[in-house]
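Take a look at the structure set out below.
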Amino acid sequence: PFNLGRKNSERAKNMFALGLLTWLYGRPLGPSEKFLASKFASKPDIRDANFAALKAGHAYGETCELFRVR
Numbered sequence: 444p445f446n447l448g449r450k451n452s453e454r455a456k457n458m459f460a461l462g463l464l465t466w467l468y469g470r471p472l473g474p475s476e477k478f479l480a481s482k483f484a485s486k487p488d489i490r491d492a493n494f495a496a497l498k499a500g501h502a503y504g505e506t507c508e509l510f511r512v513r
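Written as structure tokens, this is what we have:
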């Protein structure tokens, strides 16, 4: 749904990984969201794509059984 160029699409993949790592280490998403909001304030399409990728990575960690819980 986001019309981004190849370069910005690749960068959004990094946000997915960051979201997954945020979940893995039990960190809040707030600081990353705040940083993205300020960095991409003048580029709402890129900001929204990065927000979506960040949240998708976090949700992926929550819903997939990546680690066995004892």
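According to the numbering used here, the sequence shown is numbered sequentially starting from 444.
All C-beta atoms, glycine included, are put in the ideal place defined by N, C-alpha and C.
Legend entry - C-beta atoms of A455 and A492 nearer than 8 Å: yes
Inset, instruction - Check each candidate in E508, I489 and H501 and name the one with the smallest Cα separation from G448. - result: I489
Inset, instruction - Just the C-alpha distance for K477 and P471, rounded to the nearest angstrom, thanks. - result: 11 Å
Legend entry - Where G469 falls, given that 16 or more other Cβ within 10 Å makes a residue buried: exposed
Inset, instruction - Can you give me the start and stop residues for the alpha helix (DSSP H) that S475 sits inside? - result: G473 to K482
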